[in-house]
Every structure is written in C-alpha cells, then in structure tokens.
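Residue numbers (the working numbering): 2 to 232. Note that the Cβ used here is the ideal one computed from N, Cα and C, for glycine as well.
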C-alpha cells in the first residue's frame, strides 16, 4: 500500500539570516510609515514655550492632526484646519529644514494686535490672570525670571510668561490658508511677530504628550513632567 508524503515535508526552509533580514525590512517600513504619517518624537531645544514646555522635554506629535502630508513636501491629503490654542509643530517658513513649535493664536481672517504685551484678537483683549513670578532656565543655561499669567485664548486656558516691556508690538491680518503662531514665553520667542505667517501646508502635527523630560542643569529627569498632556 503506497505511503502518503506531506506536501511540505520536502520544502526547503529559508536560511535564518534571510528570515531576520525580511523581518528587519518589515519593521523598518512600519517605522517609516508610523513616523511619517502617525506619530513622531520631538525635542524642545529652547525656552520659547515656557512654562508649557521646558528645555529638555521630549514630545510625541500627532502627524495626522492637520491631514496626511507627503514627506518632504507641503502636499496634504485630507487637510484639516488648526484650531486656536493648538500647540503645533511646523516647518519654519524661512528655513524648512528646521521644525518650530508654537501655539496657534490667529486663524485665517483674524485681526491680530499685540500691544504693551497684551494680545487682542478681532478687537477683543485676551483675558489674563496673574499667577506670580516664574523662574526658568534659558537654552544657554542662564537663569531668567518673568511673570506668569493664565491666558484665556478662546476656549483654551494656558499659561504664558511676560515682562513689563514688550519686545515686539504690531498689527496683522491673517491671510487665507495661513496661521499666526506665538510662543507662550512672550518676551523670549521668535515667532509670527518677527517672521510672518505659517502656511497650512507647513503644519507637521499637534503636540500630544511629554514622554520624557531631562533637566540639563541638575542632570536628572523631571519625573513630574513625564506623561503630561500638552494643552
């Protein structure tokens, strides 16, 4: 009586190195897709967003918040508008090889006035509540002190720092398809007051959460900041 041979018994098994290589390629492709279209890490290099973000904070940024952007271009699939108060990462308009992170203050069509360290949007002054002095370290390690306030920016309440004097007053009307972005550290931020508007296509994503924070002055983690949602 003839025996039955299983069809796979004589099949040759792939070499181990080839299986490892194929697995690594798949993992690399998944990582590229995730980083390009879903979520990406970002490090805070300066004090322009203190007290919301500190130098040495590491963030996750949702790349699909404003639509899916084709890598290395400003082409967006299914673009979605930014909202007032968003903390957004975007290509620096004067050098797109650099990423900036600021708060979206002005939307298309808005009239923005910044005078005597007060923010006005469409003729309405944004309410400020004094919190007290806030010491912080600059990017070069030197210590600075500013007054902390809670600002009501539309539906978003967030902390800002400012000093008695203003570093840049001005008046702007935000064009269609553009945004006006400012740092929360109003006296220590190079933002739309200096270099203009952020095009929709330059938006990279919305800051989500601090996943790690390192205090470079004290050489230790800031445990209390890890896991903090960014608002």
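Note that the segment 53-63 does not touch the segment 165-176; fewer than 3 beta-carbon pairs, one per stretch, sit closer than 8 Å. When Cβ pairs closer than 8 Å are counted between the two stretches, the segment 139-146 is seen to touch the segment 43-54, the count reaching three or more.
Contact annotation: residue 199 and residue 180 have beta-carbon atoms nearer than 8 Å. For residue 61, the enclosing beta strand (DSSP E) starts and ends at 58-63.
The alpha carbon of residue 150 has as its nearest neighbour, out of 106, 99, 189, 133, the alpha carbon of 133. Its Cα nearest to that of residue 227, the residue 58 stands out among 58, 17, 16, 18. Of the other Cβ atoms in all chains shown, 16 or more fall within 10 Å of the Cβ of residue 189; this residue is therefore buried. Residue 125 and residue 167 have their C-alpha atoms some 19 Å from each other. Beyond the five residues adjoining it in sequence on each side, residue 123 comes within less than 8 Å, by CB distance, of 111, 112 in the same chain, given in chain order. Sequence-distant Cβ neighbours of residue 20 in its own chain, meaning closer than 7 Å and more than five residues away, do not exist here.
According to the DSSP assignment, residue 195 belongs to the alpha helix (DSSP H) that extends over 193-196.
For residue 122, the enclosing beta strand (DSSP E) starts and ends at 119-122. The beta carbon of residue 41 sits closer than 6 Å to those of 62, 64, all from its chain and outside the five residues before and after it, given in chain order.
By the 16-neighbour rule on beta-carbons within 10 angstroms, residue 218 is exposed. About 7 Å separates the beta carbons of residue 86 and residue 159, which is inside the 8 Å limit, making them a contact pair.
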